[in-house]
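Top line first, the protein sequences correspond to chains H and V.
Residue numbers for the first sequence follow this note's numbering, beginning at 1 and rising by one.
Residue numbers for the second sequence follow this note's numbering, beginning at 1001 and rising by one.
Idealized CB from N, CA, C, for every residue including glycine.
Have a look at the structure below, then the notes.
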Amino acid sequence: MITYTIRRLALAALILFVAVTAMFLMIRAVPGDPVKIMLGPRATPELQASLTAALGLDQPIWKQLMIFYSKMMQGDLGVDVFSGRSVTHIVMQQLPYTLELIFASIIWSALLGVIFGAYAAANPNTLWDRMIAFISVSFIAAPAFVIALLSLLVFAVQLRWFPAIGVGEGFWSRVHHVALPAFAIGLSWVGYIARLVRASMLEVLGEHHIRTARAFGLSERRIIMVYALRIAILPVITVIGVGMGFLLSAAVFAEIVFARPGLGKLVIDSITTRNYPVVMGAVLVSTGLFVLSTAISDIVNAWLDPRSRQSL
Amino acid sequence: MKMEWIKAPLGRRKFLQGSTALGAASLMPMGFLHQAWAQDSNTLRVRTYGDAPNMDPAHSVGVVEEEIHASIYNKLIQYKPGREWDWQLDAAEMIEQVDPTHIKFALRNDIGFTNGHGAMTAEDVKFSFERIISDATESPNKPDMGPLSHVEVTGEREGTIVLNEPFAPLWSIALPYITGNIVSKSATEAAGGRIGSDPVAESGPYVRASWSPKEKTVLKRNPNWQGDKPAWDNIEIYPIDDENTAEIAFDAGELDLTRVSLGSVQRYRENVPDGGRLLENPSLYYVWLGMNLDHPKLQNKKLRQAIQHAVDVPTLLEAAYFGAAEPSTGIIAPGLAGNRSANLIAAEANMEKARALLAESGETNVVIALDTLNKTTYTTMAQVIQSMLAQIGITLEINVLESGAFWSSGENEDLQLVLNRFSMAPDPSYATAWFTTEQAGIWNWERFRNEEFDEIHAMAAKETDIKKRDAMYKRAQDLMEESGAYRFITHEATPIVHSSRVVPSLRPDGLSLLRYFGKA
């Protein structure tokens, strides 16, 4: 298990390196002079030259990349060109909002998805099973941005139950503010997870140990909750790990539509203004999050199901 | 063995009970939460289109930060709210132009800085203005101060602004706008000469209470402010880039004021929720179709003129602005010196003339490219222009660019046609500055070079006679249009909605002067 964990973490580090390097090169390949965009039209040529040098943009790209990595290893992601604030500080300020949104989405969608999936598997080919299948597929098919706008119009504008913008202050206010965006980006995951759990559960319910459990007279509730669901839920852990990445990208539009701060909005704003240090800091952290979450889900999966360790 | 596993272990009833319980649990705090974000009668909530991370006027990048700076700092003069461009006294109790290059001022005696930095003095004014023009400050706003030489301090609260030469925009841009903000000399020096994302000493009717990046800025009343008491205790400023999101937030009662998209104007004309109002202000922005005079495909003046005549501006405005914007007559908006009453070429297309000009040009099988921003308004206009040019036999290829790439188009020598939009400060010199020979290939993307135009731009900024200035700028725009490189389209509009509890105070172009906002 230790060998597997070390290998998996090494792979994660390699993926992170490749992704960040690719992003570093891509942002510089995009047309547009960052210094002009940052300083605006009134800046003098002297000022532009000064900022170009300060950002190291007068250096060859390979050298810029070396400088970036050497500073990164020392925990220095540079400073924001506009405010002079530390990029690490800026990114860390935005990170909790994105994590809050992602975790809220995962928690409610996993909870509901597992309940739906388990219930459908426990009642296969019944009206409830078909209804849950229909609802799940509908959730999967519904584009998140449509859900976001509809939920805003219904729950924020019409009913005024939930706030339309912002993140709130204090625990309950924050829960209240995250509800709609988490609903919008988590809805399709309810469908995915429900279908996944149903399929996995049906497979498990047909296995010998379940039949043995029944033969011993254990209650159906106990069989499902304790013996079947625990195994059937394993694929969900893997999916949630990968889902972190999808939810990170979905968070970008949720942050824009719901006017929430967060890493996604930070990246978009920084790319638009060619604020390279902030782009790289935000990309490093968001990519790191994705890579780490998939690594953790793989490791947990390997711990629960030793057969999967052979895949690496 | 009784095979009963297909009977629901979680029975329908239990399932429904569980779901109801979950739903109820999630809704339980709603009543109390609703109150948590419901409107506070002493808090004004407005939207701006971007975040304001910079509290140093010398490094301010535009109107977003200025909305905050104008509330927490003072200037000698401020813009007067209303429909006409005018200024009023702010920190100055007296200001007078004694000759074309000397402006005397005296400060009020009741303005002080927070954090123990004492009363505002003429030394603070000298420091604030001179640091803008100092190379050491590296201020991108330095050009706004024009030919400022220095500020002479003649008393504790008296001084004289000394210019190297006359400078008309001093009264319309330099003093009442970004560069006019007066900061505390002692506080700024103590901060190392540059103010960062936190103000070091404030003097206006509000102080910045908090800033949550990308979420909101909160201003609260300055307890030490001795001037007229502002109407609102707190102002919350939300940076919302997307206008649709802002409109939803307004409709949901979470914003008191926001600019809305031109596409929504008709909807708000019919009904503004909760008894609010729609204000339709003109704008200073100018939008035009430009043609690169250096490009081999556009060397033929008759071809350029054919394009000018083929573009029907009212149709463009109907398609892209839903009829909420008026055709423009140049780059200088109504209300400013130099605004022309009409274009040389009528706003309506003249297809017959366009076809005739194309035939005279001798050009056949013309295929040209148009670059534009990736915003619906501009892509729509580009498509309409494409169909208009097709009617006279010109094929137009449209390149849609994201903002970063688009705003670097000045260096693109292969640029042919461009659908462009520039922002503007309330002085005509701000508009002509981008079309001089010096700016060719930088912000003058048409590479329009005209000695008379350059001379007018240089001389008109020094001209203090309004009538002469007006005539000079009108002539400058005639020259632009005569070159065949420009088809002026619109100054757009600034539609704003506000709630019934707010009395907004706006500049003539619709930008908020938050310190003067009242309560209904």
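query: Who are the neighbours of T272/H on chain V, taking C-beta pairs under 8 Å?
result: E1402, S1403, G1404
query: Within the chosen definition, does the stretch 1206-1217 of chain V reach the stretch 1093-1110 of chain V through at least 3 CB pairs nearer than 8 Å?
result: no
- request: Starting from the N-terminal side, write out each stretch of the alpha helix (DSSP H) that is 4 residues or longer and does not extend beyond the stretch 1205-1252 of chain V.
  value: 1243-1251
query: Quick one: does F82/H have its CB under 7 Å from some CB of chain V?
result: yes
query: Hey, quick one: how far does the alpha helix (DSSP H) through Q1383/V stretch, first residue to last?
result: 1376-1391
- prompt: With C-beta atoms as the reference, is N1444/V less than 7 Å away from S1361/V?
  reply: no
message: For a quick check, are the C-beta atoms of P1273/V and I1332/V less than 7 Å apart?
response: no
field: Neighbourhood of V91/H by C-beta, 6 Å cutoff - its chain only, sequence neighbours within 5 removed
entry: G281, A282, V285
- prompt: Counting pairs of Cβ atoms below 8 Å between the stretch 1307-1321 of chain V and the stretch 1465-1475 of chain V, do you hit three or more?
  reply: no
query: Going by the beta-carbon positions, is the gap between R1447/V and S1071/V smaller than 7 Å?
result: no
message: Please state whether the Cβ-Cβ distance between Y1073/V and G1204/V is less than 7 Å.
response: yes
Residues bridged to I1103/V [DSSP beta-bridge criterion]: Q1097/V, I1161/V
task: Enumerate, from N- to C-terminal direction, the unbroken alpha helix (DSSP H) stretches of 4 or more residues contained entirely within the stretch 212-246 of chain H.
output: 229-232
message: Can you check which of these residues, E203/H, K36/H, I61/H, is closest to I27/H by C-alpha distance?
response: I61/H
query: Does the beta-carbon of M1055/V have 16 or more other beta-carbons within 10 angstroms, so that it is buried, or is it exposed?
result: buried
task: Look up P1428/V in the DSSP assignment and say whether it is helix, strand or coil.
output: helix
Chain V within 7 Å of D58/H, Cβ atoms only: no
message: Residues of the stretch 243-257 of chain H in Cβ contact with chain V at a cutoff of 9 Å, in chain order, please.
response: E255, I256, V257
message: Buried or exposed for I1456/V, going by 16 or more other Cβ atoms inside 10 Å?
response: buried
message: Would you say I37/H lies against chain V (beta-carbon separation less than 7 Å)?
response: yes
field: Residue of F1322/V, G1330/V, S1341/V minimising C-alpha distance to M1381/V
entry: F1322/V
- request: Would you tell me roughly how many angstroms separate the C-alpha atoms of V114/H and A156/H, rounded to the nearest one?
  value: 28 Å
Secondary structure of T1154/V, DSSP reduced to three states: coil
message: I'd like to know if the stretch 1487-1498 of chain V and the stretch 1277-1292 of chain V are in contact, where contact means that at least 3 CB-CB pairs between them fall below 8 Å.
response: yes
message: Threshold first: 4 residues or longer. Then list the alpha helix (DSSP H) segments lying entirely within the stretch 1175-1208 of chain V, N to C.
response: 1185-1190
CB contact below 7 Å: A156/H versus chain V: yes
message: One question on the structure: do A1190/V and S1139/V come within less than 7 Å of each other, judged by their Cβ atoms?
response: no
- request: Indicate whether R198/H and I37/H have their beta-carbon atoms separated by less than 7 Å.
  value: no
- prompt: Between L1175/V, A1405/V, S1128/V, which lies nearest to I271/H when the distance is taken from Cα to Cα?
  reply: A1405/V
task: Determine the DSSP secondary structure at N1444/V, reduced to helix, strand or coil.
output: strand
query: What residues are listed by DSSP as bridge partners for M1291/V?
result: L1417/V
- prompt: With 16 other CB atoms within 10 Å as the buried threshold, where does D975/V fall?
  reply: Past the boundaries of the shown model lies residue 975/V; chain V is included only from 1001 to 1520, so the question cannot be answered.
- request: Mind the definition here: the stretch 1417-1433 of chain V touches the stretch 1469-1488 of chain V only if three or more C-beta pairs lie below 8 Å; say whether that holds.
  value: yes
field: C-beta contact flag for A1520/V and S1505/V at 7 Å
entry: no
- request: Write down every uninterrupted run of the alpha helix (DSSP H) in the stretch 24-59 of chain H whose length is 4 residues or greater and which is fully enclosed by it, in chain order.
  value: 34-39, 45-54
field: As assigned by DSSP and simplified to three states, the class of V197/H
entry: helix
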